Amino acid sequence: YYLLIPFFKNKLRFVIELNEFPISIIKQDRISLKENKIEKLLINRLYSFNGLITCSNTLSAYYGKYLNKNAKILISPLIVDIEKFSRKYDKCKQAGDYFAYCGRLGNNKDGVPILIDSFALFAKVVDSIKLYIIGNADEKVENDLKARVNSLKMNDRIIFTGALSHAQLIPILQNAQLLLLARPNNKQSEGGIPSKSKFLWLSPG
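The numbering of the sequence shown is the numbering used here, which starts it at 44 and goes up by one.
Printed below as a string of structure tokens:
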């Protein structure tokens, strides 16, 4: 925000993009003092901006309270390149039938541990489906997830692919029987980008 002060003084118009709740709400007691100060400064100065771009009505209502009355708000959910996904890609013969998850594995943002536990229950009933987990995380988080899979004896059914290139990713997602998401019910999911459009909820029990 400090870097923008000279521009505000010259009365230039600014639009800000905010697609999640403040980190103080998401992280709660895990926010650092420095993060908290910077965040408070930004939120308290939102009235200086001429517009806001966000992804949901929830975030529009939250941040709208801090904008000036003349500011404009644009709600724009995730934009998908339909043309890329409309092309039919050949399915890898070795892949068989599979479900897929794609995203960041850390911070429990998408509930990957829940997804692993849920799929393990599903796998006891259906033995012809695998789960591809696409993405990466910090080394410790990734090792913990793999240890979880190992403890469930699911190493041959749950496959970690790591990060994939865009060209590799699209055919895998397109040919999956289902795209899975076990996103926890928390403040981050309440206000975050609605980026998963095809999913199945699997919950233990």
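Backbone N, C-alpha and C define an ideal beta-carbon position, used for all residues, glycine too. This structure is a prediction, so every number in the text was calculated from the model and none was measured.
Output yes or no for whether 8 Å exceeds the beta carbon distance between residue i and residue j.
i, j, result
"Ile21", "Tyr175", "Here the chain covers residues 44 to 248 and nothing more, so residue 21 does not appear."
"Tyr132", "Ala219", "no"
"Pro156", "Arg130", "no"
"Ala163", "Met197", "yes"
May I ask you to report which of helix, strand or coil DSSP gives residue i?
i, result
"Lys115", "strand"
"Ala210", "helix"
"Gly107", "helix"
"Glu126", "helix"
"Glu63", "coil"
"Asp234", "Sequence inspection shows Gly at residue 234; the Asp mentioned does not correspond to that position. Correct three-state label for Gly234: helix."
"Ser240", "Confidence is the limiting factor: at Ser240 the pLDDT is only 43, short of 50, which leaves the residue's position unreliable and the question unanswerable from this model."
"Leu148", "coil"
"Leu121", "coil"
"Leu315", "Missing from the structure shown is residue 315; the chain here goes from 44 to 248 and no further."
"Leu224", "coil"
"Leu84", "helix"
"Ser75", "coil"
"Ala166", "helix"
When DSSP builds the beta bridges, which residues end up paired with residue i?
i, result
"Thr101", "DSSP output for Thr101 lists no bridge partner at all."
"Leu174", "Phe142 and Ile201"
"Val58", "Gly94"
On a Cα-Cα basis, can you pick out the residue from the options that is closest to residue i?
i, options, result
"Cys145", "Gln231, Leu207, Gly234 and Ile59", "Leu207"
"Asn186", "Leu222, Tyr105, Phe203 and Ala225", "Phe203"
"Leu95", "Glu82, Leu76, Asn79 and Ser119", "Ser119"
"Leu223", "Asp124, Phe165 and Ala180", "Phe165"
"Leu85", "Ile66, Cys98, Ser99 and Lys127", "Ile66"
"Ala143", "Leu117, Gln217, Lys77 and Lys167", "Gln217"
Exposed or buried, what is residue i when buried is set at 16 or more other beta-carbons lying within 10 Å of its beta-carbon?
i, result
"Leu102", "buried"
"Ser161", "buried"
"Glu60", "exposed"
"Asp182", "This sequence places Glu at residue 182; Asp is not what is there. Counting Cβ neighbours within 10 Å, Glu182 comes out exposed, since fewer than 16 surround it."
"Asp153", "buried"
"Arg56", "exposed"
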